[in-house]
Amino acid sequence: HADTAMYRAKETGKARCVVYNHEKFTQPEHDVSMEAAMFQAVRDGEFLLHYQPIVDARSRQIMGFEALMRWSRPGQGLVSPAQFIPMAESNGLINLLGAWALKAACVQIRRFEEVARRPLYVSVNVSPRQFRNDQFLDIMDEAMQLSGLSGEQLLLEITEGILMSDPEHAEALLTAMTSRNVRIAIDDFGTGYSSLAYLKRFPIATLKIDRAFIKDLPSSVKDVAICNVVLSLASHLNLNTVAEGVENQEQLDFLAAHGCGLIQGYHTGRPLVPDEIIALLKAEQASPALTAAQ
Ligand code: C2E
Ligand code: MG
Ligand code: MG
Ligand code: MG
């Protein structure tokens with residue numbers, strides 16, 4: 279395409295067109311090449327998982343981790359999931375990637391447990407397309423068999439929209455998960471087009487309060503009100519709560535004082551590679567008072 283652009287620019291005799299045409303022609307091509315690179319990256323094993331600690335709001339002990347996907351693109355560093363997950367979702371590659379992530383995360387948690395010498399849980403994101411995939415239950419069973427992880431140690435994160443788009447399918451799938459003791463978390467709670475009806479209908483275990491409502495705590499009167507209502511709702515419905523994106527002590531203090539059970543954010547631990555998590559757990563072993571942030 280670049281060659282074609284160059285040729286046309288020469289043809290018209292305007293040097294300035296080279297730049298203009300070049301951009302115009304290569305813009306859509308960029309996505310195509312990213313897509314091609316992605317298929318190759320799956321084959322070449324360029325995807326990896328980072329793990330972010332999820333800690334008890336009061337004791338700050340690490341209770342589990344969220345597995346977060348990264349693409350280590352040669353020459354380009356780490357690519358954010360915000361860039362490649364939507365593409366993987368639209369081209370279907372998410373099924374392959376998601377299955378890999380689920381198995382890898384379950385196996386990894388068992389290794390973390392060996393170091394920590396106590397049970398830990400893992401939170402894995404499940405996209406709409408994976409949730410709709412007929413093979414998802416089998417993949418989940420395989421991940422648990424492969425790793426030896428028990429159901430209650432696996433938390434699957436889905437968004438509000440997934441449940442409401444096909445409630446019958448969701449109900450069947452969630453019932454099957456519940457029978458294996460696998461738990462469901464609502465990710466980014468409060469940001470979707472949500473009614474509260476699904477909290478009544480479906481067996482939800484955990485609400486993850488989106489960072490949008492945490493960011494301006496405790497100075498924003500509105501966010502204080504929203505967080506209080508969500509925490510109260512969760513408490514009355516017997517749901518666990520995780521606050522996402524906690525970046526400072528003031529936010530943590532507010533959340534702990536208002537009954538939020540678990541904290542996930544840069545303040546208590548960034549997403550890290552497995553070796554770094556192992557170092558963290560070893561440090562915790564050596565000195566139990568030491569937490570992720572120290
Ligand atoms: P999410 O599931 O809501 O994950 C939380 C995001 O918040 C992560 O971004 C995490 O790195 C970031 N985060 C954590 N603590 C803080 C904080 O204190 N401050 C700020 N500013 N950000 C914080 P990340 O890793 O870039 O992932 C973005 C999204 O990509 C995830 O949002 C999730 O929707 C999706 N994603 C990541 N991994 C997977 C995966 O394996 N499968 C699927 N389907 N989606 C994934
Ligand atoms: Mg998540
Ligand atoms: Mg989230
Ligand atoms: Mg989010």
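Just so we're aligned, residue 279 is where the sequence shown starts under UniProt numbering, counting upward by one. Glycine is no exception: its CB is placed at the ideal position from the N, C-alpha and C atoms.
Practice problem: Flag I440 as yes when its Cβ comes closer than 7 Å to any non-hydrogen atom of ligand 1, and as no otherwise. | Solution: Residue mapping note: residue 440 aligns to position 162 of the sequence shown, counting from 1. For ligand 1, not one heavy atom lies less than 7 Å from the Cβ of I440.
Quiz item: Does ligand 2 have a heavy atom nearer than 7 Å to the CB of D465?
Solution: The residue given as residue 465 occupies position 187 in the sequence shown. D465: yes, Cβ under 7 Å from ligand 2.
Quiz item: Helix, strand or coil for G470 per DSSP?
Solution: Counted from its first residue, the sequence shown places residue 470 at position 192. In this structure, DSSP gives G470 a state outside helix and strand, which the three-state scheme calls coil.
Quiz item: How about E554: is its Cβ closer than 7 Å to a heavy atom in ligand 1?
Solution: Counting from one through the sequence shown, the residue named residue 554 turns up at place 276. Flag unset: Cβ of E554 not near ligand 1.
Quiz item: Would you report the Cα separation of V320 and L346, rounded to the nearest angstrom?
Solution: Within the sequence shown, the letter at position 42 stands for residue 320. Within the sequence shown, the letter at position 68 stands for residue 346. V320 and L346 have their C-alpha atoms spaced approximately 16 Å apart.
Quiz item: The beta strand (DSSP E) with V400 in it runs from where to where?
Solution: The residue labelled residue 400 in the question sits at position 122 within the sequence shown. Annotation for V400: the continuous beta strand (DSSP E) segment containing it runs 399-403.
Practice problem: Answer yes or no: the CB of G543 versus the heavy atoms of ligand 1, is any distance below 7 Å? | Solution: Along the sequence shown, read from residue 1 onward, the residue named residue 543 stands at position 265. In this structure, G543 has its CB closer than 7 Å to one or more heavy atoms of ligand 1.
Quiz item: Which residue from A534, R407, I555 puts its Cα closest to that of R338?
Solution: Numbered from its first residue, the sequence shown carries residue 338 at position 60. Among A534, R407, I555, the Cα nearest to that of R338 belongs to A534.
Quiz prompt | Cβ-based neighbour list, A521, same chain, cut-off 6 Å, excluding 5 preceding and 5 following | solution = Working through the sequence shown from its first residue, we reach residue 521 at position 243. Closer than 6 Å at the Cβ level, and outside the excluded window around A521, lie I487, I492, L533, C538, I541.
Exercise. Can you tell me which of Y471, L495, N369 puts its alpha carbon nearest to the alpha carbon of H536?
Key: By 1-based counting over the sequence shown, the position of residue 536 is 258. If we check each option's Cα against that of H536, L495 comes out closest.
Practice problem: Could you spell out where the beta strand (DSSP E) holding I340 opens and where it closes? | Solution: Within the sequence shown, residue 340 is the residue found at index 62, counting from 1. 340-351 is the span of the beta strand (DSSP E), which, as asked, contains I340.
Quiz item: Within 10 angstroms of its Cβ, does G355 collect 16 or more other Cβ (buried), or is it exposed?
Solution: The residue labelled residue 355 in the question sits at position 77 within the sequence shown. Counting Cβ neighbours within 10 Å, G355 comes out exposed, since fewer than 16 surround it.
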